[in-house]
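Worksheet: the structure to be examined is printed underneath.
Residue numbers (the working numbering): 109 to 368.
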């Protein structure tokens, strides 16, 4: 199964689990029995940390441990924001192995709770916020009752954490957007978002590594390449990395773009 699809499924599992959690009774919400583990079809097991106070950190801890020391049944761990999908090897897709894997994963998940994930790499990413590269900057300013200069300043001052890599290879969902910049998605998604577009919605910011349809608010553009399949790793921003944005001029953008 392609990595991009697995990443989308992990994000989807997180959304589905959120829906399930929100519809449970108030009594069950008050009780936290720790992480949950359940089989998802024949080929995956889902670990759910959503009731934990530091769910994303626990998810990243477990993901890192499974990447470093993968069990025999694990083909690949795919991290969501508060859930983790363990894709099973083909010879592990039977009831007995799944039961054993679930028992082992619940123990590993409990061990990951309350553990620091440590700091990932730090990136300073250049971004041009010029009007011609920020078609939704004015919209964000209007929705937030700020000036465009204030929007740019607040976005630059943020310190962002890559909580999830998904949607497409190299697309990092980064938390840390200033609450004053929280805006909804566009009413109608764009048919094409250009490569390198810097976007925000809700509490998240992201850079589109390739051209694709998208509905986030575009407030700038990044000239450097974030995904290169010829490199190892192919994604510049990894799960758990920290990101700052640095404003550059249109001329600087053009020079950096020419070096891609």
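Glycine included, every Cβ here is placed at the ideal spot set by N, Cα and C.
Query	Result
Reference residue 262, options 274, 270 and 248, closest by Cα	248
Alpha-carbon to alpha-carbon, residue 229 and residue 350	6 angstroms
Of the listed residues 277, 307 and 325, nearest to residue 294 (C-alpha basis)	325
Buried versus exposed, by CB contacts within 10 Å (16 or more), residue 109	Unreliable positioning characterises residue 109 in this predicted model, as indicated by a pLDDT of 44, which lies under 50. A coordinate reading is not provided.
Alpha-carbon to alpha-carbon, residue 234 and residue 358	11 angstroms
CA nearest to the CA of residue 215, picked from 242, 340 and 144	144
Inter-residue spacing [alpha-carbon to alpha-carbon] between residue 355 and residue 308	16 angstroms
Contact check, residue 306 vs residue 327, beta carbons under 8 angstroms	yes
Length of the line joining the Cα atoms of residue 210 and residue 179	12 angstroms
Nearest residue (CA-CA) to residue 363, options 345, 336 and 330	330
DSSP state of residue 193 mapped onto helix, strand, coil	strand
Buried/exposed call for residue 164, threshold 16 Cβ in 10 Å	buried
Nearest-angstrom beta carbon gap, residue 197 and residue 183 [assumed within contact, 8 angstroms]	5 angstroms
Neighbour-count burial assignment, residue 128, 16 or more Cβ in a 10 Å radius	Caution applies to residue 128, whose pLDDT of 37 falls short of 50 and renders its modelled position unreliable; the value that the coordinates give is listed next. With fewer than 16 other Cβ atoms within 10 Å, it is exposed.
Residues near residue 360 in its chain [Cβ-Cβ closer than 6 angstroms; skip 5 each side]	none
Below-8 angstroms beta-carbon distance, residue 173 vs any chain C residue	Checking the listed chains, one finds no chain C in this structure; it contains a single protein chain.
Strand pairing of residue 208, partner residues [DSSP]	Looking at the DSSP assignment, residue 208 forms no beta bridge with any residue, so it has no partner.
Of the listed residues 155, 310 and 208, nearest to residue 187 (C-alpha basis)	155
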